[in-house]
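To start, the structure under review is shown below, and the notes come after it.
Number of protein chains: 2
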Amino acid sequence: MTDIPSTMFAVLQTGDGYSGKATGPAIADAADWLEPGEIAVPQPGPGEALIRLRMASVNPSDLHFIKGEYGQPRVKGAPAGFEGCGDVVAAGAGAEGLVGQRVAFVAASSGAWAEYVLTKAQMCIPLRPDISDEDGSAQIVNPLTAMAMVDIARSEGEAFVVSAATSQLGKLMVSLGRDLGLKPIALVRRAEAVEPLKALGAAEVLVTSDPEMGQKFATISRALKPRVFLDAVSDQTSERIFTAMPNGARWVSYGKLDAELPVLTQMGQLIFMGKRIEGFWLTQWMMTTPPADQGRVVAEVQARFADGRWKTDVSGHLPLRDVVSGLAEALKKTDGKVMITP
Amino acid sequence: MTDIPSTMFAVLQTGDGYSGKATGPAIADAADWLEPGEIAVPQPGPGEALIRLRMASVNPSDLHFIKGEYGQPRVKGAPAGFEGCGDVVAAGAGAEGLVGQRVAFVAASSGAWAEYVLTKAQMCIPLRPDISDEDGSAQIVNPLTAMAMVDIARSEGEAFVVSAATSQLGKLMVSLGRDLGLKPIALVRRAEAVEPLKALGAAEVLVTSDPEMGQKFATISRALKPRVFLDAVSDQTSERIFTAMPNGARWVSYGKLDAELPVLTQMGQLIFMGKRIEGFWLTQWMMTTPPADQGRVVAEVQARFADGRWKTDVSGHLPLRDVVSGLAEALKKTDGKVMITP
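This is how it looks when you write it as structure tokens:
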């Protein structure tokens, strides 16, 4: 295709590999981890698509990643950023069907904060025309994770537990659970969050700092029998919740918001009560879930954005060329996502 | 049946419920937990079998149980003992086919250390005539656990890790693994155990007190890629082994020999590497595994005892009436199992 330039502007990572630290997603200055640069536009290989960026969203995982605290190693000099939407302008063998389509995408290792993005075809989801670029650029990481994890919960019963329930993802899971006729039990840090979460669809809301939380959860657990715990925090409170859950419970960790390391106080829970501890990672889900199952989940996500049941809260737009200087400041607004535009 | 008396001698538990402690399987005096008694012979209900005892074996789980440190609560006044063999003399509806058969059994809650034992039909395995009472009375807990767990390991690949590999169960798993063409990686506490375990079939043997153990295991793990860790210890060393295993590894805990509580140092292993932590309990396996799968495993176990590949090491026989006074002394011999006879 003749209109693809040979070089492009991109926001590049300055770190390499893992940092060996776990300080969480906060950043004081993006220049500690990122620098602007002009690099070659990548060429798609077999099964890959080249996307001209329309918009990229900023997720906590992006910040974990640039700091070297995510499950994949950084690549120095490669563009940062996981998620966005754009137009497929070129593709390798087996991915030709995507050319010309507007897609939501996850950049499998790195790359969304650039004028052009290379990723695998499995990581691209064609967008319905009635979905905005704002919704399209935050279409996968949170909504698909919410759908896939609530699917896991639904496979085990009616009630499930969600920690960090006031996060964007937590709220998606609570409202989705309610819509599906399930009973979400929400864990929050602050008492102010209780009523909004009940309004959103939580069957029960517990404040983790409440000294009677353990006793209250035990009562709720006996009554509602939650089998799945969708957990973004993964600390000792998580372990206490897990041990108070009924036989066969699954503790599904998808994040580590608290630096406290959990101690397994009761191995007998795993042995005699058939419980287990596992993780969830959307990238793995996208690479391994059969297309039919993915298709059902993706269609449901798009329907929810198209008809307005779900909406992406946007706190501001930031041009690619201002990311290094302006990202830390833009992230101070906590009422929605920062959107990056070319 | 006219030859069943109305009362019987039994070794009865004096504790009730759980002790709330975790002091391990050692006992100084059986009279701290047990007393002799004459109680009514139980009547089989639907799906139950009444067994006249031939022999009962003493397992570590029996000692955990009488001390109130097992996954089931004690019942004060009920007979102790999980495993044995005997003749089915009466049965309830649905279990009539067992009457007249010599069976190996697990007493589902308690009861093997008595002249007559009541249990569920699913917990009885008819014995081939060429299997001795000694082998028959130690036919289920260790051998079936070994078979079922090595089956789990085999479903995930060639190599697997076994802790406490010098235990009876550990040795069964190592030799079984070798016989099936797998590569058992054995963890032991003492250097003297290394050569005997290699002779038994371990592909690698690591001494857990070796300061270079972590580094050595990492090298072995990269080479052999073990996916399953069959763990009787469940301490911090277990966690270190688990985190050094490759993607998709399963930590299957079936015991807690060390009182140290493991800390989960890397939740990312669960999230990004698809690992999980779970338990194994034979009782659950027997209640839920389809009959055809159980039949295959049971037939293989009996064939191994009948042709001499497996043999129960017996350290001594103890009459039922001497259990309270003599069990602690009899357990001091560590070269085999104590067998209880009526």
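Here the protein sequences line up with chains A and B, keeping their order. As numbered in full-length UniProt numbering, residues 1 to 342 make up the first sequence, in order. As numbered in full-length UniProt numbering, residues 1 to 342 make up the second sequence, in order. Note that the Cβ used here is the ideal one computed from N, Cα and C, for glycine as well. These figures come from a predicted structure and were not determined experimentally.
Rounded straight-line distance, which links the Cα of residue j to that of residue i
i: residue 90 (chain B); j: residue 8 (chain B); result: 15 angstroms
i: residue 22 (chain B); j: residue 59 (chain B); result: 17 angstroms
i: residue 6 (chain B); j: residue 40 (chain B); result: 6 angstroms
i: residue 312 (chain B); j: residue 26 (chain A); result: 60 angstroms
i: residue 55 (chain B); j: residue 126 (chain B); result: 15 angstroms
i: residue 128 (chain A); j: residue 336 (chain A); result: 23 angstroms
i: residue 97 (chain B); j: residue 341 (chain B); result: 25 angstroms
i: residue 93 (chain B); j: residue 144 (chain B); result: 27 angstroms
i: residue 121 (chain A); j: residue 122 (chain B); result: 50 angstroms
i: residue 290 (chain B); j: residue 124 (chain B); result: 15 angstroms
i: residue 28 (chain B); j: residue 338 (chain B); result: 16 angstroms
i: residue 3 (chain B); j: residue 52 (chain B); result: 11 angstroms
i: residue 206 (chain B); j: residue 216 (chain B); result: 8 angstroms
i: residue 244 (chain B); j: residue 218 (chain B); result: 6 angstroms
i: residue 265 (chain A); j: residue 133 (chain A); result: 47 angstroms
i: residue 300 (chain B); j: residue 235 (chain A); result: 44 angstroms
i: residue 212 (chain B); j: residue 47 (chain A); result: 44 angstroms
i: residue 158 (chain A); j: residue 152 (chain A); result: 11 angstroms
i: residue 270 (chain A); j: residue 63 (chain B); result: 20 angstroms
i: residue 316 (chain B); j: residue 84 (chain B); result: 15 angstroms
i: residue 334 (chain A); j: residue 166 (chain A); result: 12 angstroms
i: residue 95 (chain B); j: residue 49 (chain B); result: 7 angstroms
i: residue 306 (chain A); j: residue 250 (chain B); result: 40 angstroms
i: residue 57 (chain A); j: residue 106 (chain A); result: 11 angstroms
i: residue 184 (chain A); j: residue 173 (chain A); result: 8 angstroms
i: residue 154 (chain B); j: residue 246 (chain A); result: 30 angstroms
i: residue 332 (chain B); j: residue 267 (chain A); result: 28 angstroms
i: residue 108 (chain B); j: residue 288 (chain B); result: 14 angstroms
i: residue 241 (chain A); j: residue 214 (chain A); result: 7 angstroms
i: residue 131 (chain A); j: residue 112 (chain A); result: 19 angstroms
i: residue 304 (chain B); j: residue 310 (chain B); result: 5 angstroms
i: residue 237 (chain B); j: residue 197 (chain B); result: 20 angstroms
i: residue 20 (chain B); j: residue 67 (chain B); result: 10 angstroms
i: residue 319 (chain B); j: residue 117 (chain B); result: 16 angstroms
i: residue 330 (chain B); j: residue 30 (chain B); result: 11 angstroms
Neighbour list for residue i in chain B, Cβ cutoff strictly below 9 angstroms
i: residue 279 (chain A); result: 267, 268, 269, 270, 271, 272, 273, 274, 275 and 276
i: residue 263 (chain A); result: 261, 262, 263 and 264
Presumed contact (8 angstroms Cβ cut-off) between residue i and residue j, rounded CB distance
i: residue 72 (chain B); j: residue 104 (chain B); result: About 20 angstroms separates the two Cβ atoms, so there is no contact after all.
i: residue 82 (chain B); j: residue 141 (chain B); result: 7 angstroms
i: residue 275 (chain A); j: residue 248 (chain A); result: 7 angstroms
i: residue 163 (chain B); j: residue 232 (chain B); result: 6 angstroms
i: residue 227 (chain B); j: residue 156 (chain B); result: 4 angstroms
Contact set between residue i and chain B, taken where Cβ atoms lie within less than 7 angstroms
i: residue 127 (chain A); result: Within 7 angstroms Cβ-Cβ: nothing; residue 127 (chain A) doesn't reach chain B, min ~27 angstroms.
i: residue 254 (chain A); result: 271
i: residue 284 (chain A); result: 274
Amino acids of chain B, ordered along the chain, whose beta-carbon sits closer than 8 angstroms to that of residue i
i: residue 71 (chain A); result: 268, 271, 272 and 273
Worksheet item: Is it a yes or a no for the segment 11 to 19 of chain B touching the segment 75 to 83 of chain B, going by three-plus beta-carbon pairs under 8 angstroms?
Response: yes
Worksheet item: At a cut of 8 angstroms, does the segment 283 to 294 of chain B reach the segment 285 to 304 of chain A through at least three beta carbon pairs?
Response: no
Discussion item. Measuring CB atoms only, is the segment 189 to 198 of chain B touching the segment 245 to 261 of chain B, in the sense that at least three cross pairs come out at less than 8 angstroms?
Written reply: no
Item to complete: Count the C-beta pairs between the segment 200 to 210 of chain A and the segment 171 to 179 of chain A that are closer than 8 angstroms, then say yes if the count reaches three, no if not.
Response: yes
Practice prompt. Would you list, in chain order, the members of the segment 222 to 247 of chain B that have their beta-carbon closer than 7 angstroms to a beta-carbon of chain A?
Written response: 234
Discussion item. Taking 8 angstroms as the cut-off, does the segment 145 to 155 of chain A touch the segment 211 to 225 of chain A (at least 3 CB pairs, one atom from each stretch)?
Written reply: no
Fill in: the segment 312 to 325 of chain B in contact with the segment 28 to 37 of chain B per 3-pair CB rule at 8 angstroms
At 8 angstroms Cβ cutoff, the stretches touch.
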